[in-house]
Amino acid sequence: MSQVLHTPPPTQVPDDDLSALAARHGLSVSGARPTLPQYVRQLWARRHFITAFATAKLTAQYSEAKLGQIWQVMTPLLNAAVYYFIFGVLLGTKKGVPDYIPFLVTGVFVWTFTQSSIQVGTRAISGNLGLVRALHFPRAALPISFCIQQLQQLLFSMAALVVILLSLGVPISFSWLLVIPALVLQFVFNAGMSLIMARMGAKTPDIAQLMPFVLRTWMYVSGVMWSIHSLTKKDHLPHIVTVLLETNPAAVYIDLMRFALIKSFHAKQLPPHVWPTAIGWALVVGIGGFIYFWKAEEKYGRG
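So that you can map any letter, position 101 of the sequence shown is 101 in the UniProt record's numbering, and since no number is skipped, the others follow by simple counting.
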């Protein structure tokens, strides 16, 4: 008669006991999300890496081109030339817009800053998985550094814009100082959008293929090549459409920059409460985007 040997089932330790054991020996979850204040401190501690990474990316961007860094200025200028021919000349959007060339170039440069920040932010995590998986650092450093890279590129473009303004007879004035707060607000907004898109792009990389169509549509309704003020003052649009056009964040930051730089762009062409609107967009999207990105910190780079 054969005997059946019964192997006792393995003893299972409750998860609570494992957690207590790990805590007693100073162990923690690998890649666990830090608290929000800790996360901010970690980012600040790596501020030199963030700026150096942005500068290196900017330098390498056109390293293989014969004209090198000149393309940082030439690219938006060529875009402005194309838009001037198509919209200003063929479609006649320059009619009724004083200083149309400064108006257009300013709009193109400012819009390009937002567009590029969102595009590079979408691929900030998915396009740098090797770095994300190899090193431990706050992942928000990547989309923020890409936004700093785009800000640096905008500053090169702004130098060219100043030359264009002066050559077209636009005088220097104290209102040019408003460029600083306008750029700060736009950078905060762009960084928030970049963080939002970085999290979405990390989970669904196909979003990067969709973004050019979304951004192109957004550009056409942001008054880059035409005057929102000239359109809305005719009272033929539904009120909700007028409100949406005037509070569009891209259009708000473009209008602020035009108001600062172009003497013929008067305050009456700005939508009401433009500065509170610009500040509101920067705070809501900047802070909200940062928190939204932080909440998925432990998931980035994991299959």
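Every residue gets a Cβ at the ideal spot worked out from N, C-alpha and C, and that includes glycine.
Quick caveat: nothing in here was measured; it's all calculated off a predicted structure.
Residue i by DSSP, collapsed to three states: which one?
i	result
Met-225	coil
Arg-302	coil
Asn-128	helix
Phe-265	coil
Ala-80	helix
Val-170	coil
His-239	helix
Ser-2	Since pLDDT at Ser-2 reaches only 48, below the 50 mark, its modelled position is unreliable, and no value is offered.
His-273	coil
Phe-189	helix
His-136	coil
Gly-88	helix
Lys-233	coil
Arg-199	helix
Val-184	helix
Pro-205	coil
Leu-114	It is worth fixing the name first, because residue 114 is Thr in this sequence and not Leu. Helix, per DSSP.
Asp-99	coil
Pro-212	helix
Thr-35	coil
Thr-106	helix
Arg-123	coil
Thr-93	coil
Arg-46	coil
Ala-141	helix
Ala-159	helix
Lys-295	coil
Candidates the options: which alpha carbon is nearest residue i's?
i	options	result
Met-257	Val-184, Leu-245 and Asp-206	Val-184
Ala-80	Leu-90, Phe-109 and Gly-288	Phe-109
Trp-226	Pro-34, Gly-288, Gly-192 and Ile-101	Ile-101
Val-274	Trp-294, Glu-298, Thr-247 and Ile-287	Thr-247
Leu-195	Phe-53, Trp-111 and Tyr-300	Tyr-300
Ala-140	Ala-124, Trp-111 and Leu-151	Ala-124
Leu-231	Gln-209, Met-197 and Pro-271	Pro-271
Trp-281	Phe-113, Pro-249 and Leu-151	Pro-249
Gly-201	Pro-76, Val-120 and Cys-147	Val-120
Phe-187	Gln-209, Leu-261 and Trp-111	Trp-111
Thr-55	Ser-173, Gln-153 and Val-82	Gln-153
Gly-169	Lys-263, Leu-155, Ala-251 and Met-211	Lys-263
Leu-151	Pro-181, Ser-117 and Ser-173	Ser-117
Pro-171	Arg-47, Phe-290, Val-284 and Leu-261	Leu-261
Lys-268	Lys-233, Arg-302, Phe-53 and Ala-182	Lys-233
Val-82	Phe-53, Phe-290 and Val-224	Val-224
Phe-53	Thr-35, Phe-146, Met-74 and His-229	Phe-146
Ile-291	Thr-217, Ala-208, Met-197 and Leu-210	Met-197
Ala-208	Val-105, Ser-126, Phe-85 and Leu-43	Ser-126
Quick check: what's the CA-CA separation for residue i versus residue j?
i	j	result
Ala-60	Gln-149	11 Å
Lys-57	Ile-240	41 Å
Ala-278	Arg-33	31 Å
residue 386	Gly-92	Nothing in the structure corresponds to residue 386, since the chain is present only between 1 and 303.
Leu-131	Ile-144	15 Å
Thr-51	Leu-90	42 Å
Ala-191	Pro-138	15 Å
Phe-103	Val-243	22 Å
Phe-213	Tyr-253	21 Å
Asp-99	Trp-71	25 Å
Met-1	Glu-298	In this predicted model, Met-1 has a pLDDT of only 47, less than 50, meaning its place in the structure is not dependable; the value taken from the coordinates is given anyway. About 58 Å.
Val-163	Ala-296	44 Å
Trp-176	Arg-41	34 Å
His-266	Phe-259	6 Å
Pro-37	Gly-286	16 Å
Leu-165	Lys-95	19 Å
Leu-78	Met-219	16 Å
Val-97	Gly-288	36 Å
Leu-135	Thr-204	22 Å
Gly-45	Phe-293	A small correction: the amino acid at residue 45 is Ala; Gly does not occupy that position in the sequence shown. Rounded to whole angstroms, Ala-45 to Phe-293 spans 19 Å at the Cα level.
Asn-128	Arg-199	13 Å
Phe-189	Thr-122	15 Å
Phe-87	Thr-75	18 Å
Met-158	Ile-180	12 Å
Shorter than 7 Å, the distance from the beta carbon of residue i to the closest heavy atom of the ligand ADP, or not?
i	result
Ala-267	Summarising the ligand content, the structure contains no ligands, and the ligand ADP is consequently not present.
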